[in-house]
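Taking it in order: structure first as C-alpha cells, then the write-up.
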Amino acid sequence: MDATEGAQPMNTRRKSSVVLSLDRDGVVAVWGEVSGGRVQVKAWVNARLPREIDGADASAVGAWLRQTLRDAGITARAAVFAVPRANVVLKRLTLPRPEDGEEADLAGMVALQMSRQLTMPMQGAVIDYLPIDLPDAAETTVLAGALPGDQVTWCRAVAKAAGLRVKGIHLRGEGAAALLAELSHRQDGALIGVAIAGDAVELVVIEEGRLVSSRGVDVPAGDDPAFAQRLAVEAKRTWMSYRGTRDSAEVECVAVLGSGARVEAVGAACGRELELSWSRVGLPGMVDLPDELRRAEAVLPLVPLIGLFVGQLASREWLDFANPRRAPDRAARVRQVALLGVFAVIVVGGGAYVWGLNRLAALDGRISAEKTRNEKLVERYSQHVRQKARLEHIERWSGLGVDWLAHLEWIGDQVPADGSALVDQIDGSLEASVVFASRERQYTTGAWSQRQESRFRLQGRSQQRAAADALRGRLVEDRVYRVDTTGPDVPNRFDFTLVTGLARPDRPANGGDSNAAAAEGGGG
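Per the working numbering, the sequence shown runs over residues 753 to 1276.
Written out as C-alpha cells, the structure reads:
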C-alpha cells in the first residue's frame, strides 16, 4: 500500500469504535482504534444475512449483528454507520449568505430548499449539510444530504438490539474522500475517486480535499472481464453530472483506491474513457493492518470504512445524520421581539435610564469593533500558521531520500571479487512517511516526525554454500543493514533482503546520530 500523509491537524485522543456498512443483505464492519496519530485495525467481519432473518425486522437483524460481531472478536460499543450513496439524497445548493452570518439561518434555508427538491416525504427525514465554499464569498454553497427517517430509525433500532451506541451516521463515500484528500490538495482542480467495495462502488468528486459530489453504483464484479469498462462508463457519468453543476472545477485526474489486478484494470479503463491520467492510492502509512488484511483483494471491501477512521484522525467535517446541524429556533425570535417591547417601555419610563443605555450601547459598539478586529487578526495568524505547516510538510518530505549509488557501491564491495558468489539481481525500494501529531490538535503545539526505510533484495548464485554464507556474514558484520534470508536455503543460490534506515551507508537518515542510526539499520 502507498504511504500518503496529510498536513491536517490530527486527533490524538484514544478512540475505539466499529464502523459498519449494514443493509438488509449483510454487514461489512471494521473495528479500529484512533490514538497517537495512527489508526489501528483490530478486527473485521464481512458476513451475509441468513435467509431466515427478515431484513426489515430491526430486532432480529440487531440480534444477529451482536452475535456476528462477537464471533469476529469485536467488542467496541460505539458504532458509526456508513450508509451507501443510494440511500441518501444529495444536493449541491447555492444560497444567499445570511447577513448576520448565523448558522441557524443557513440551516433553515437548507431545510427549505431541500423540502422543495425532495421526492421523499419531508416528515421524519434527517437533513444535514456541509459548507464547501469560501467564507468571504457573496453567496454560500453547501453540500446537503437527506436520509429518510425510516432509515435512521432502522439504524438506531438495530444498534439498540445489538448493544451498540450510535456515534454517527455518515455517507460511505466520505471515507473514500478522506483517503483521497491528500492527492486532491496536490491538484489544480477536482479529481474523481473510485472505491471498489465488493459489488458496491462509490464514485466521489473531491475539490481541495472536500467532497463535493458522490454517486453509488452496484456493478457485480465476479469474473466478468467487462467489469472495468462498465465501471469506467459510470465514472464518466459521474464526471458529466458534476460538470453540469454551477461553479464546477476542471477535473484533473482519476484516482482508484486499493491495489491489485482489479484496481489496475479499473484505473486504466477510467483513464481511457475520461482521457485523463489516473493514480492508484493505497491506505496511508498511519494505518496499521493485521497480516491477514495485507492482501489487496482482502482489504478492498474495507477501504471506505477504514477511510472513516482516517477522517476521524484528521478531524474532518462531514455529513452526520445522527447529529445534524439544527434549524433555527423560531420561538427565540418571538422571545426577542417581546424583550424589545419591554425594553421600549423601560426607555419611555426614565430619561436617566435611557442615557445609561445609550452609554452602554456606545461601549458595546467599541467592544464589537474590537472583537471584529481581533477576529481578523486571529484569521491572519491562522493563515500564517497553516502556511508554515504546509512549508514544514514540504521541507520534511524534501529532506527524505536515498543515495542509491552509494548503497549499491557499498553492497558491491561486499561481493567476493573471485567470482565465488555472483549477484544476478538487485531490487531496491523506499518506504517513507511524515507525521504531524499534537495533543492539543494545534499546529503551534505539535511536533513533526519522519522516518524512512530502504530495502534491497539480492538474488544470486554461488559455487559453494560457504561463499553465500560468507557474503551474508560480511553484510551482517558491517551493521549497516538488517539482513534477512528470503525463501528456503538452496546450496547454489542465495536470496537476501537488506533493510536500513540510512540515506547513505556512511551517514544516518533524518539527521540523527550516525552510531545510533547504524545500530538500528544493521544486524542479521
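Just so it is clear, CB atoms sit at the ideal spot from N, CA and C, and this is done for glycine as well.
Roughly how many whole angstroms lie between the Cα atoms of residue i and residue j?
i       : j       : result
Pro1053 : Asn1244 : 43 Å
Leu772  : Asn839  : 15 Å
Asn798  : Val1033 : 23 Å
Glu1144 : Gly1063 : 22 Å
Ala984  : Val971  : 11 Å
Glu1205 : Gly1010 : 22 Å
Leu931  : Arg1138 : 20 Å
Leu864  : Leu858  : 10 Å
Val1100 : Leu1091 : 15 Å
Val1097 : Tyr1105 : 11 Å
Thr892  : Trp1107 : 40 Å
Lys919  : Asp1040 : 23 Å
Glu986  : Glu1025 : 10 Å
Leu1060 : Gly784  : 10 Å
Ile805  : Val813  : 7 Å
Ala1219 : Gly1153 : 32 Å
Ser1166 : Leu1227 : The displayed chain sequence assigns Gln, not Ser, to residue 1166. Each residue's Cα considered, the two are about 7 Å apart.
Leu821  : Thr827  : 7 Å
Lys767  : Gly1225 : 46 Å
Arg790  : Ala933  : 17 Å
Val1242 : Ala1017 : 37 Å
Val1175 : Gln1215 : 12 Å
Gly860  : Lys1123 : 27 Å
Pro802  : Gly961  : 39 Å
Glu1069 : Leu882  : 8 Å
Thr1252 : Gly788  : 25 Å
Gln1211 : Cys1005 : 38 Å
Leu1115 : Thr1196 : 34 Å
Arg924  : Arg868  : 25 Å
Leu895  : Ser1120 : 32 Å
Leu916  : Arg829  : 5 Å
Leu845  : Val862  : 8 Å
For residue i, which of helix, strand or coil comes out of DSSP?
i       : result
Asp1116 : helix
Ala755  : A caution first: Ala755 carries a pLDDT of 35, below 50, which makes its placement in the model unreliable, though a value can still be read off. It is coil, neither helix nor strand.
Leu1254 : coil
Gly824  : A small fix is needed here, since residue 824 is Ala in this sequence, not Gly. Here Ala824 sits in coil by DSSP.
Asn1126 : helix
Leu858  : helix
Arg720  : The structure shown does not extend to residue 720, since the chain spans only 753 to 1276, so no value can be given for it.
Gln1204 : strand
Gly927  : helix
Thr990  : helix
Gly1102 : coil
Tyr1233 : coil
Val1277 : The first residue shown for the chain is 753 and the last is 1276, placing residue 1277 beyond what the model contains.
Gln792  : strand
Val782  : strand
Val1154 : coil
Lys767  : strand
Ile884  : coil
Glu1144 : helix
Asn798  : strand
Gly968  : strand
Ser1214 : strand
Leu772  : strand
Gly915  : coil
Arg748  : Residue numbering for the chain in the displayed model covers 753 to 1276; residue 748 lies beyond these limits and cannot be assessed.
Ser787  : strand
Thr997  : coil
Gly897  : strand
Thr806  : Just to set this straight, residue 806 is Asp in the shown sequence, not Thr. Coil.
With residue i and residue j assumed to form a contact (beta carbons below 8 Å), what rounded beta-carbon distance in angstroms separates them?
i       : j       : result
Ser1185 : Arg1203 : 6 Å
Pro1257 : Leu1223 : Actually they are not in contact, since the Cβ atoms of Pro1257 and Leu1223 sit about 16 Å apart, beyond 8 Å.
Val964  : Leu955  : Not confirmed; about 12 Å, so no contact.
Val1055 : Ala947  : 6 Å
Thinking just about the alpha-carbon of each residue, which of the options is nearest to the one in residue i?
i       : options                          : result
Val786  : Gly778, Leu895, Trp1162, Ala1189 : Ala1189
Val957  : Ala949, Ala933, Pro850, Ile944   : Ile944
Ala741  : Val770, Thr1249, Arg967, Val1232 : Look at the range of the chain in this structure, 753 to 1276, and you will see that residue 741 is not part of it.
Gly1023 : Arg967, Lys988, Gly1180, Gly1037 : Lys988
Gly1198 : Asp1040, Asp1236, Ala1141        : Ala1141
Leu899  : Arg962, Ala1050, Ala834, Val969  : Ala834
Arg837  : Glu926, Trp816, Cys907           : Glu926
Val770  : Val1251, Trp796, Arg776, Ala1001 : Trp796
Ala978  : Arg962, Ser966, Ala1021          : Ala1021
Asp885  : Ile1119, Asp1072, Val878, Pro848 : Pro848
Gly1012 : Ser1134, Ala980, Arg967, Ser1150 : Ala980
Asp1155 : Ser1181, Gly1171, Val1094        : Ser1181
Distance cutoff 7 Å, beta carbons only. Does residue i sit that close to anything in chain B?
i      : result
Leu847 : Considering every chain present, this structure includes no chain B. It has just one protein chain.
Fully enclosed by the segment 1015 to 1097, which alpha helix (DSSP H) runs are 4 residues long or longer? 1048 to 1051, 1055 to 1065
Return the chain-ordered ranges of every beta strand (DSSP E) run that is complete within the segment 1157 to 1208 and spans a minimum of 3 residues. 1173 to 1189
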